[in-house]
C-alpha cells in the first residue's frame with residue numbers, strides 16, 4: 086500500500102512538473118527586432134507659430150519628415166528604438182497673421198520667416214499598452230503604445246533674402262548674429278546642435294509574419310530657442326556685421342514679404358490704423374516698435390516641433406537553427 090501511495094505521489098509530481106514546464110514554454114517571450122522606414126509631416130511651435138493657437142500652428146506651415154529606425158522588443162511590454170529623422174520645419178509671420186483680423190498683429194509687422202532642416206538622432210523607450218505575443222511570429226495583430234526618450238538635433242535656420250536683392254536665395258542666419266550674438270555686450274552665437282525630449286504615442290498593425298505598418302505622433306521639447314533664429318530683442322544695427330546682417334535682422338520695413346512676395350502695404354496700414362492715403366513704409370514712418378532693444382522674441386519659451394509618421398517595418402529573422410551533426 087505504501088509503495089502504491091509513493092508511486093502515486095511520484096506520478097503526480099512528474100505530471101505537475103511537466104505541466105509547469107509546458108506553461109512556461111507557452112508564456113516564454115522571445116525577443117525580436119525590426120527595422121523600419123517612415124514618411125510624414127512636421128510642424129514647428131515657437132515665436133512665429135504660437136503655442137496658444139495649436140491647431141492653426143500645426144497646420145499653417147506643415148512640412149515633411151522622413152525616418153529610419155531599429156527597434157528591439159525585449160519583453161511583451163517593453164522595447165527600445167534608435168532612429169534618425171530628417172524633418173523640415175518652417176514659420177512665417179506674414180502667413181500666420183494674414184487676413185482682416187490677425188491673431189498677433191505685432192507678428193505681422195515683425196515680418197520674420199525661416200525654414201530649418203533638422204537632423205535628429207533619438208533613443209526612446211517604448212511601452213506597449215497591452216502585452217505582445219510570444220515572439221516575432223506571434224506578435225499582436227494590433228498594438229497601441231507610448232514612448233519617451235532623448236534626442237540630439239542638428240539644425241541650421243535659414244531665411245530668404247529681401248525682395249530688393251538681385252539674386253534672392255535662402256541664407257543661413259546663425260553666422261549673421263541677427264540679435265547681436267558674438268558682439269560686445271551680447272550673447273555668444275547659439276549652438277547649431279541641441280538636445281530634445283521626444284514623447285508621443287503610436288499604433289502598430291501586423292500585416293503578416295514579417296511586416297508591420299504603423300502610425301505615430303510625437304512631440305519634441307527642445308532645449309533651444311533658436312530653431313527659428315528668434316529669441317530676445319532687436320540688436321543695435323550699428324554693431325551688426327555689415328548691411329547683409331542688418332537687412333535680415335529687422336524686416337519690419339520690407340513692403341514685400343520675402344518668402345511669398347506678397348505686398349504688405351494694406352494689411353500694415355490696417356493694423357496701424359493709418360489713413361488710406363498714408364504709406365506705412367514711407368520715408369517719414371518710424372520703425373513700428375522694432376528698434377534696437379525692442380522685443381523680437383520670447384526667451385522664456387523654447388522652440389518645439391511635432392512629427393506625424395506613417396511607417397513600414399520589417400521583422401528581422403530570429404536565430405538560425407543549424408541541422409544536427411551526424
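Residue numbers (our numbering): 86 to 411.
For every residue, glycine included, the Cβ atom is placed at its ideal position computed from N, Cα and C.
**Asked** Who are the near neighbours of residue 160 in its chain, counting only those whose CB is closer than 7 Å to its CB and skipping five residues on each side?
**Response** 114
**Request:** Assign residue 164 to buried or exposed, taking buried as 16 or more other Cβ atoms, counted over all protein chains shown, within 10 Å of its Cβ.
**Result:** buried
**Message:** Quick check for students: name the residue ranges of the alpha helix (DSSP H) that lie wholly in the region 117 to 177, counting only runs of 4 or more.
**Reply:** 139 to 145
**Asked** Excluding sequence positions up to five away, which residues of its chain have a Cβ less than 6 Å from the Cβ of residue 282?
**Response** 306
**Item:** Length of the line joining the Cα atoms of residue 234 and residue 343
**Value:** 38 Å
**Message:** So, for residue 292: in the same chain, excluding its five sequence neighbours on each side, which residues have a beta-carbon less than 7 Å away from its beta-carbon?
**Reply:** 298
**Asked** In the structure shown, what three-state DSSP assignment does residue 194 receive?
**Response** helix
**Message:** Can you tell me whether residue 185 is helix, strand or coil according to DSSP?
**Reply:** coil
**Message:** Buried or exposed for residue 399, going by 16 or more other Cβ atoms inside 10 Å?
**Reply:** exposed
**Message:** Relative to the C-alpha of residue 166, which candidate in 139, 232, 377 has its C-alpha closest?
**Reply:** 232
**Asked** Is it buried or exposed for residue 388, if we count other Cβ within 10 angstroms and need 16 for buried?
**Response** buried
**Item:** Top-ranked residue by Cα proximity to residue 132, from 265, 150, 175, 213
**Value:** 175
**Item:** Buried versus exposed call for residue 130 [16 or more other C-beta atoms within 10 Å across all chains shown]
**Value:** buried
**Request:** Scan the region 276 to 361 and note each continuous alpha helix (DSSP H) run of 4 residues or more that stays entirely inside, going in chain order.
**Result:** 328 to 334, 350 to 357
**Message:** By the three-class DSSP mapping on this structure, what secondary structure does residue 179 have?
**Reply:** helix
**Prompt:** residue 358: buried (16+ other C-beta within 10 angstroms of its C-beta) or exposed?
**Reply:** exposed
**Message:** Which same chain residues end up closer than 8 Å to residue 350 when comparing Cβ atoms and leaving out the 5 residues on each side of it in sequence?
**Reply:** 340, 364, 365, 366
**Request:** Would you mind giving the Cβ-Cβ distance between residue 311 and residue 242, rounded to the nearest angstrom? I have them listed as a contact below 8 Å.
**Result:** 7 Å
**Message:** For residue 232, report the span of its beta strand (DSSP E) as first-last.
**Reply:** 227 to 239
**Asked** How is residue 200 classed by DSSP in three states: helix, strand or coil?
**Response** strand
**Asked** Looking at the unbroken beta strand (DSSP E) that takes in residue 363, where does it start and where does it end?
**Response** Neither: residue 363 is in no beta strand (DSSP E) and is coded neither H nor E.
**Prompt:** Going by Cα to Cα distance, which pick from 278, 362, 262 is closest to residue 272?
**Reply:** 262
**Request:** List the DSSP bridge partners of residue 114.
**Result:** In DSSP, residue 114 forms no bridge with anything.
**Request:** Would you mind working out which of 177, 168, 238 sits nearest residue 313, comparing C-alpha positions?
**Result:** 177
**Request:** For residue 274, I'd like the list of residues in its chain whose CB is within less than 7 Å of its CB, leaving aside the five on either flank, ordered along the chain.
**Result:** 259, 262, 266, 267
**Request:** Tell me whether residue 221 sits in a helix, a strand or coil according to DSSP, three-state version.
**Result:** helix
**Message:** Quick check on residue 246: does DSSP put it in helix, strand or coil?
**Reply:** coil
**Message:** Once DSSP output is grouped into helix, strand and coil, what is the label at residue 261?
**Reply:** helix
**Asked** Tell me the DSSP bridge mates of residue 396?
**Response** 123, 299
**Request:** Determine the DSSP secondary structure at residue 205, reduced to helix, strand or coil.
**Result:** strand
**Cβ separation of residue 220 and residue 155, assumed to be a contact under 8 Å, to the nearest whole Å** = Not really, about 18 Å apart at Cβ, beyond 8 Å.
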